[in-house]
Every structure is written in structure tokens, then in C-alpha cells.
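Residue numbers (my numbering): 494 to 943. Note that beta-carbon positions come from the ideal geometry of N, C-alpha and C, so glycine has one too. Some notes on the structure that comes next.
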Ligand code: GBH
């Protein structure tokens, strides 16, 4: 029997580009996930795009009713910068702001806390054309955007996340060329980008503290958590050290981002590795970047495990026969336990799991239902992993399943389904999967039945 805190946030997550559609509705400007998909720069599976996605822009009322049916007491979503500021800077699109205001009101009426992500990868194209994250002006562009959003929503939203996974939009988007803007930049450029993102985060936190007194502010990083081969203290320590190292590469690591933000300094390995090449920072800049935050959020999918006796041989391959999700990710339920422990130990803040979930090959069956026992089992095991951390005294504020809906899975298009709610993309028909009903029972019991 597990005891979760009384006010535990039981949530599910989405992101604007992946669900909204309405890519040019009511004055919305374009983002790089519109422009660079339309013009063929990005290679998306089956040449799909996010133009309509699950058309949340027109279905949000019925979709909030589904959240209520599941019993969520929180819902994580992101704001589309170019819906609010079509050119990224300049004039405000009131219709865009109204959409998010109405959504928040509907959530609150249903007892659902909005958890707002300010940037989930959809950079306005107008800013991309001016250099995007490489242009030092972007910290002020972002601060202005956050000013506009927080003035409009500050009285409704308590939980704010500045960035979703700098690891991924830098690593996949600006270094490996897999995500928009599909670029392969040099390490020198990535130093500038890193600094610009850190400063943008810092300025955004300042704006949020000013406009939303009482707000709880963080960001939502990801990064590999390495698992020990057994529970011995030596093994656990080795896995912890590995999780703090520049693995699998520096941009995608945990500490490249978290040490500056939460500790106000470069990770030790970065000095050794980059020396004078490191982005320069003044005392004032460190203070701006590392303002106190209220929690350590974490997007968590799989732990990395050993595949060989070689202690340096960590890999995401797992081990022979390791259970996998439909897109080949390892099923490693203890990762929520170890990650919560490791991050709490290092950064000393309560943990908020902002993403965790699995892809399966779901479809509506002959009986009209979507039976997804694999996802139910995945959720059950992972939540037990999290509960173990709670039992050992790690403060955990909440858990947000990725994703509430099947949706546009970036470069993988629509083949991959992560949702608790199945979406038929031809009809936009929603169907609660068995896992949604199972999650409803867990929420109703506050996890005591896990
Ligand atoms: C999240 O990123 C995104 O925030 C969300 O928008 C997206 O839809 C969701 O994932 C599902 O993809 O790449 O095989 O080496 C997750 C990022 C994915 C980073 C797993 C680490 C390791 C597995 N993480 N990845 S692999």
C-alpha cells in the first residue's frame, strides 16, 4: 500500500503543436513546425504535418470534459508563442490569448489546475528568420512573450514551466537535425545557444515572479537517468555519477542545463572538457539564470541500463530481451524511483514528473473499445517505482502522463500513439482507452491501490 500526498497532482500532458491544429486560425502566425514542415525542409514520416493534428483548437470543451471524466486534477499543456504573438515580437493576437484564457477558465471550473509550459519547441518562424536561439536578442523576445502571457493568465495559472526539454530542442533540433529547425550547428554556436536559453529562462522567471505572486515556477528538462545493476550502495553511486556526466552527449545530458539553473555554475566536467570555449558568464548573469525555483520537474521515459560487464558500457540498448514499448524504448519502471532520488539529492527541490508514458499500437477494437493492457501494466509498474521514492521520503508533487491524447509525434508523424485517449484522425472521434479508465481508478484512490 502506497501513500501519496493528499494534494498530489494527477495530471496528463500535451503540447500545442502536437494537438492544437488551427495552424493559421484566427490570426495565428507560423512556427518552425509549420513552415519547415510545409516547405519540405523537415522529413516527417509519410510527409505528415501538424496542420490539423487532433484539432484541439476546436474540440477543447469536449476534451476538458474527458479530462474531468478521468478525474485529472491537473492538466499540462503548452502555449503556442506564434498564436499569441504572430511575429514573435510586436502586436498581440487577442484571439490567441482568448483561446488560452477560455481554456484555463474551463479547466478551473472543472477543478483542474493548469500546468503551463511556455515553450514546447514551436519557435515563431519570424524569429527563426532572425537567427532564432542563436540571436542574443531572443532572451528579451522571450521575456516580452512571457510578459504578455503572464499578464493574461497570471490570475488563473499557478504552475509555470519555462522550457520543455532544452536537451531535445537543442540536441535533436539544432545539433542532430532531426527536429525543427533541422540544423547541424557547431559546438561554438551551441555555446551561444545555451547561454541564450539560460538567460531567456532567467528573464522569464523574473517576469513570472513579478506578474504572478504565489506562482510555482520551474522548467521541464529530460536527460538520461542511469540505473544501477543492483541496489548495493556502490552500484547506486556509480549510476548516480553516470547520470550526472555528459551522457549520451553534452547537450542532451542532465547537468549541462540543471547545474547552471539550479546550482548557478557550470558542471565540473564542462570546464575540463571545454575550458576557454565555454560560454562566458558574469556574476549578474549567473544570478539571473539561477534564481530560486519551486520544484525539479523531469520528463522521464526509460532508464539506461548496462549491456556489458564494462562499467563504461552504458547504452540505451538495455539487455537482451529487455521489454520494449512500440517505438523501441526500454521498459524500466525503477527509473522513476532512481531519478526522483538522484535529482532530489542533488538539487534539493520537490520532484514533479512532467512526462512519463509509452507508445503502443492501439486501435479501436470490434467491441468499440481500446484495450491497451501493455500501457496499463507500464503505468502500474512505473507508478510503483515513483511510489517507492515517495515511501522513502522524497517529496513528489505530482505525476503527469505523456500523453493525454494520441497526437502528432514530431518527425514520427501519427504512427506512434502515446495517448490515454485514442484519436481517430479521420473523424476526430475520441475514445478513452482502458488505461484511461484504469488511471481514473488510481486517481480516485489517490494511488493507494497501486
Ligand atoms: C518527449 O521527449 C517530448 O517532450 C514530447 O513532446 C514527445 O511527444 C514525447 O517525448 C514522446 O516522444 O531516443 O531512443 O534514445 C522525450 C525525450 C525520449 C529523450 C527518449 C530521451 C531516449 C530514448 N526523450 N529518449 S532514445
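Alpha-carbon spacing of residue i relative to residue j, whole angstroms
i, j, result
"residue 586", "residue 847", "28 Å"
"residue 720", "residue 584", "48 Å"
"residue 555", "residue 795", "32 Å"
"residue 680", "residue 943", "45 Å"
"residue 896", "residue 850", "7 Å"
"residue 700", "residue 534", "35 Å"
"residue 768", "residue 684", "12 Å"
"residue 621", "residue 640", "20 Å"
"residue 717", "residue 881", "20 Å"
"residue 524", "residue 662", "14 Å"
"residue 539", "residue 904", "10 Å"
"residue 667", "residue 635", "18 Å"
"residue 842", "residue 605", "24 Å"
"residue 458", "residue 860", "Summary: the structure shown does not reach residue 458, with the chain confined to residues 494 through 943, and so no result is reported for it."
"residue 761", "residue 774", "15 Å"
"residue 498", "residue 629", "42 Å"
"residue 689", "residue 926", "41 Å"
"residue 702", "residue 778", "17 Å"
7 Å CB neighbourhood of residue i in its chain, flanking five on each side removed
i, result
"residue 512", "546, 547, 549, 898 and 900"
"residue 579", "520, 521, 522 and 586"
"residue 750", "659, 660 and 714"
"residue 907", "541, 901 and 918"
"residue 759", "752, 753 and 771"
"residue 825", "720, 795, 796 and 798"
"residue 601", "649"
"residue 733", "835"
"residue 884", "495"
Coil, strand or helix - residue i by DSSP
i, result
"residue 648", "coil"
"residue 862", "coil"
"residue 910", "strand"
"residue 718", "strand"
"residue 506", "strand"
"residue 941", "coil"
"residue 915", "strand"
"residue 659", "helix"
"residue 713", "strand"
"residue 574", "helix"
"residue 891", "strand"
"residue 635", "helix"
"residue 516", "coil"
"residue 822", "coil"
"residue 497", "coil"
"residue 923", "strand"
"residue 666", "helix"
"residue 814", "coil"
"residue 753", "helix"
"residue 786", "coil"
"residue 856", "coil"
"residue 654", "strand"
"residue 775", "coil"
"residue 797", "strand"
"residue 580", "strand"
"residue 871", "helix"
Spatial neighbours of residue i in its chain, beta-carbon cut-off 6 Å, leaving aside the 5 residues before and after
i, result
"residue 609", "650 and 653"
"residue 936", "503 and 564"
"residue 845", "788, 790, 890 and 891"
"residue 816", "824"
"residue 747", "716"
"residue 614", "662"
Beta strand (DSSP E) segment containing residue i, residue limits
i, result
"residue 570", "567-571"
"residue 792", "789-792"
Own chain, CB closer than 8 Å to residue i, minus 5 neighbours either side, in chain order
i, result
"residue 544", "514, 516 and 527"
"residue 830", "878, 879, 881 and 882"
"residue 678", "627, 667, 668 and 686"
Buried versus exposed call for residue i [16 or more other C-beta atoms within 10 Å across all chains shown]
i, result
"residue 812", "exposed"
"residue 592", "buried"
"residue 742", "exposed"
"residue 941", "exposed"
"residue 532", "exposed"
"residue 505", "buried"
"residue 581", "buried"
"residue 752", "buried"
"residue 496", "exposed"
"residue 618", "buried"
"residue 674", "buried"
"residue 570", "buried"
"residue 696", "buried"
Residue i - containing alpha helix (DSSP H), residue span
i, result
"residue 725", "Unbroken run through residue 725: none, as it is neither H nor E."
"residue 609", "That residue, residue 609, is in no alpha helix (DSSP H); its beta strand (DSSP E) goes 606-612."
"residue 844", "Taken as a continuous stretch (DSSP letters only), residue 844 belongs to no alpha helix (DSSP H), being part of the beta strand (DSSP E) at 844-848."
"residue 555", "549-563"
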